[in-house]
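So for the sequence shown, this note's numbering puts the first residue at 16; every next one is plus one. Using N, Cα and C, we set each Cβ at its ideal position, and we do this for glycine too. These numbers come from a predicted model, not from an experiment. Step one of this worksheet: look at the structure below.
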Amino acid sequence: MSSIKWILNSAMLLGAVGAAVGFWLILDSGEERKKAIVKNLPEANPVRREETRRRNALVMQAIKEAAETDENINIESFKKKKK
C-alpha cells in the first residue's frame, strides 16, 4: 500500500513539474522579442539616458548634502512654505 502511494505521489510531482516546464516553454518569449523590447526601452534613447544620468546625479548630491548636515531638511522646507 505504501509503495502505491509513493508511486502516485511521484507521478503527481513529475506531472506538476512537467506542466510547469511546458507552460514556461510556451510563455517564454524568443530572443528576437527580448532584443526588440530592450531596443524600445526609454533608456535606449541617448537623450533620455543623459537626462536620467543628470537627475540621478542631482538626487545623489541632495542625499550627500542631507547626510553631511545635522538639520532636518523636511522641517526647513516646511518653514519656507509656511512663510
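Taking a contact to mean a Cβ-Cβ separation below 8 Å, would you say residue i touches residue j in this structure?
| i | j | result |
| --- | --- | --- |
| Arg48 | Pro57 | no |
Can you list, in chain order, the residues of its chain with a C-beta nearer than 7 Å to that of residue i? Leave out the 5 residues immediately preceding and following it.
| i | result |
| --- | --- |
| Ile78 | none |
Could you check if residue i belongs to the surroundings of the ligand FMN, using beta carbon to heavy atom distance under 7 Å?
| i | result |
| --- | --- |
| Lys54 | Ligands are entirely absent from the displayed structure, and the ligand FMN is therefore not among its contents. |
Only counting the same chain, and skipping five residues up and downstream in sequence, which positions put a Cβ closer than 6 Å to that of residue i?
| i | result |
| --- | --- |
| Arg68 | none |
Taking CB distances under 8 Å as the criterion, tell me whether residue i reaches chain B.
| i | result |
| --- | --- |
| Asn71 | Although the question refers to chain B, the structure presented lacks it and comprises just one protein chain. |
*Start-end ranges of the alpha helix (DSSP H) lying completely within the region 25-73, minimum 4 residues*: 46-54
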